[in-house]
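One structure below.
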Ligand code: HPA
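Residue numbers (my numbering): 48 to 321.
Structure (C-alpha cells):
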C-alpha cells in the first residue's frame, strides 16, 4: 500500500472512532504533556490502535491522540511524538501530521525541549521559534511528491506564523511570562552535542538546539498549515555553562516551565482566528 493510501486509511479509522473535527493540531514535547489536563476530552485513541501509525518507543512519551476542546477551540493533541533518533524514517515521523491535515486541522502548534545556545537564555525559559535551520540528514519530502497534499518545492519564507508569534509575544508581556524569540536548529541526535558542535550551532545562527519539530514543520508548511512552535530551554549549551546532563534533568527543567508554556499555548489558541 502506498504512503498516501496509508494516510487515508489511518484517517478513516480515526473518523470511524470519532466524529470530532479538530481545527488545531497540537504536538507536545518531552516532559510537556500537562496541557492535556485542560482539554475537555471527547475521544482518546492509542497510537498502537491506528493502522500504519508508528508506535512511540521512548518511555517518557505515552502515545495517544486526544480529541477535545481547549477553551472553545477544537483540538487534537498528539501526546508523544516520533523522533528520527528512535529509528523511524522521516515519513514515519511526519505521518501523524499528514493524518491531522486530512482530519481537518487548520493550524499546528508544537512544543519541544531544547538546549539553549543563546547566552541570554536561562534554564526553563521559553523561546518562541521564529525560524529554523534544518541539519537533520533525511528530509520528510524526499521521494515522489504527494501532489494531493502539497507542492514539490514548498516555500519556507515564513515557516512559523508571524501573527501567532506576535500574539504570543503580546500575551507574554500581558501575563508576565518571560519569552524569547529565536532560531531553532534541528539535529539528528540522540547524543547531545560536543562543545565544538554547540559552538558551531551558535556560529551558524541558532539560539536553541533540539531533535524534533523541523520535520513536522516542513510537512505542515508543504500542506500550507501555519505553524506556531515554542521551545522550553532545558539545558545551557554556551561556553562556561555546559555541564553533563541527563534525560531526567531535561524532563525536570521542562516540567518547571510547563505551567507557563501551557498558559501561553492556551491563550494563543484562544485568541487565534482561523
Ligand atoms: N541538544 C539537543 N537536543 C536537546 C538538548 C541539547 O542540548 N536539550 C534538549 N534537547
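By construction, the Cβ of each residue, glycine as well, lies at the ideal position given by its N, Cα and C atoms. In this text the structure is predicted, and so the values were computed from the model without any measurement.
> Can you tell which of 220, 51, 81, 64 has the C-alpha that lies nearest to the C-alpha of residue 303?
Replying inline: As a working note, residue 303 is residue 256 in the chain shown. Selected option, being the one with the closest Cα: 81.
> Under 8 Å, do residue 328 and residue 281 count as touching if we go by C-beta distance?
Replying inline: Coverage of the chain is limited to positions 48 through 321, which leaves residue 328 absent and any answer about it impossible.
> Less than 7 Å between the CB of residue 284 and some heavy atom of the ligand HPA, yes or no?
Replying inline: For the purposes of this step, residue 284 is taken as the residue at position 237 of the chain shown. True, at least one ligand heavy atom lies under 7 Å from that Cβ.
> If you drop the 5 nearest sequence neighbours on each side, which residues of the same chain put their C-beta closer than 7 Å to that of residue 60?
Replying inline: Looking up residue 60 in the chain shown gives position 13. Hits under 7 Å: 97, 98.
> What is the DSSP secondary structure of residue 269, reduced to helix, strand or coil?
Replying inline: Your numbering for residue 269 matches position 222 in the chain shown. The answer is helix: DSSP assigns residue 269 an H, G or I state.
>> So the candidates are 77, 289, 145, 52; which of them puts its Cα closest to the Cα of residue 295?
In response: Working through the chain shown from its first residue, we reach residue 295 at position 248. Measuring from the Cα of residue 295, the nearest candidate turns out to be 77.
>> Applying the 10 Å Cβ sphere with the 16-neighbour rule, what's the burial state of residue 297?
In response: Here residue 297 is taken as the residue at index 250 of the chain shown, counted from 1. So residue 297 ends up on the buried side.
>> Between residue 122 and residue 71, how many whole angstroms is the CB-CB distance? I'm expecting something under 8 Å.
In response: Against the chain shown, residue 122 aligns to sequence position 75. Against the chain shown, residue 71 aligns to sequence position 24. Confirmed, Cβ separation roughly 5 Å.
> Would the C-beta of residue 293 count as close to the ligand HPA, meaning under 7 Å from any of its heavy atoms?
Replying inline: Looking up residue 293 in the chain shown gives position 246. Residue 293: no, Cβ never under 7 Å from the ligand HPA.
> What does DSSP give as the partner residues of residue 179 in its beta bridges?
Replying inline: Against the chain shown, residue 179 aligns to sequence position 132. Paired residue(s): 231.
>> Starting from residue 74, trace the beta strand (DSSP E) in both directions and tell me its first and last residue.
In response: Reading the chain shown from its first residue, position 27 is the one you call residue 74. Element bounds for residue 74: 71-75.
>> Between residue 232 and residue 253, how many whole angstroms is the CB-CB distance? I'm expecting something under 8 Å.
In response: As a first step, residue 232 is located in the chain shown; it is residue number 185 there, counting from the start. As a first step, residue 253 is located in the chain shown; it is residue number 206 there, counting from the start. Right, the Cβ-Cβ distance comes to about 4 Å (below 8 Å), so this counts as a contact.
> Buried or exposed: where does residue 321 fall if 16 or more other Cβ atoms within 10 Å of its Cβ makes it buried?
Replying inline: Residue mapping note: residue 321 aligns to position 274 of the chain shown, counting from 1. When all chains shown are included, residue 321 counts as exposed.
> Where do the ends of the beta strand (DSSP E) carrying residue 93 lie?
Replying inline: To locate residue 93, count along the chain shown from 1; it is residue 46. From DSSP, the beta strand (DSSP E) with residue 93 extends over 87-93.
>> What would DSSP say about residue 253, mapped onto helix, strand or coil?
In response: Indexing the chain shown from 1 puts residue 253 at position 206. Coil at residue 253, not helix or strand.
>> Residues in the same chain with beta-carbon distance under 8 Å from residue 107, minus the five sequence neighbours each way, listed in chain order, please.
In response: By 1-based counting over the chain shown, the position of residue 107 is 60. Reliability of the predicted coordinates at residue 107 is poor, the pLDDT of 47 falling under 50, and the value obtained from them is presented with this limitation in mind. So the qualifying residues of the chain are 77, 78, 294, 298.
> Cβ of residue 287 within 7 Å of any heavy atom in the ligand HPA?
Replying inline: Residue mapping note: residue 287 aligns to position 240 of the chain shown, counting from 1. For the ligand HPA, not one heavy atom lies less than 7 Å from the Cβ of residue 287.
> What is the rounded straight-line gap between the Cα of residue 248 and the Cα of residue 186?
Replying inline: Here residue 248 is taken as the residue at index 201 of the chain shown, counted from 1. Here residue 186 is taken as the residue at index 139 of the chain shown, counted from 1. Whole-angstrom Cα-Cα distance: 19 Å.
> Measuring from the CB of residue 281, is there a heavy atom of the ligand HPA at a distance below 7 Å?
Replying inline: On the chain shown, residue 281 is found 234 positions in, with the first residue counted as 1. Residue 281 Cβ: within cutoff of the ligand HPA.
> Name the DSSP beta bridge partners of residue 115, please?
Replying inline: On the chain shown, residue 115 is found 68 positions in, with the first residue counted as 1. Answer by DSSP bridge pairing, in chain order: 88, 122.
> Helix, strand or coil for residue 107 per DSSP?
Replying inline: In the chain shown, the residue the question calls residue 107 occupies position 60. Note that residue 107 scores 47 on pLDDT, short of 50, meaning its location in the model is unreliable; the coordinates nonetheless yield the value given after this. DSSP places residue 107 in coil when its eight states are reduced to three.
>> Considering only their Cβ atoms, is the gap separating residue 162 from residue 284 smaller than 8 Å?
In response: On the chain shown, residue 284 is found 237 positions in, with the first residue counted as 1. On the chain shown, residue 162 is found 115 positions in, with the first residue counted as 1. It is a contact, given that the beta carbons lie within the stated cut-off.
>> To the nearest angstrom, how far is the alpha carbon of residue 87 from that of residue 112?
In response: The count along the chain shown starts at 1 and reaches residue 87 at position 40. The count along the chain shown starts at 1 and reaches residue 112 at position 65. When rounded, the distance between both Cα atoms is 13 Å.
>> Helix, strand or coil, according to DSSP, for residue 52 in the structure here?
In response: Residue 52 sits at position 5 when you count from the first residue of the chain shown. It is helical.
>> Under DSSP, the beta strand (DSSP E) around residue 275 begins and ends at which residues?
In response: The sequence position of residue 275 within the chain shown is 228, counting from 1. Note, residue 275: beta strand (DSSP E), 274-283.
> Is the distance from the Cβ of residue 207 to the Cβ of residue 172 below 8 Å?
Replying inline: As a first step, residue 207 is located in the chain shown; it is residue number 160 there, counting from the start. As a first step, residue 172 is located in the chain shown; it is residue number 125 there, counting from the start. For residue 207 and residue 172, no; Cβs fall outside 8 Å.
>> Let me check understanding here. Comparing Cα to Cα, which of 100, 157, 149, 117 lies closest to residue 138?
In response: Numbered from its first residue, the chain shown carries residue 138 at position 91. For residue 138, the nearest C-alpha among the options comes from 100.
>> Need the endpoints of the beta strand (DSSP E) that residue 156 sits in, please.
In response: Here residue 156 refers to the residue found at position 109 when the chain shown is read from its first residue. That run of the beta strand (DSSP E) goes 154-163.
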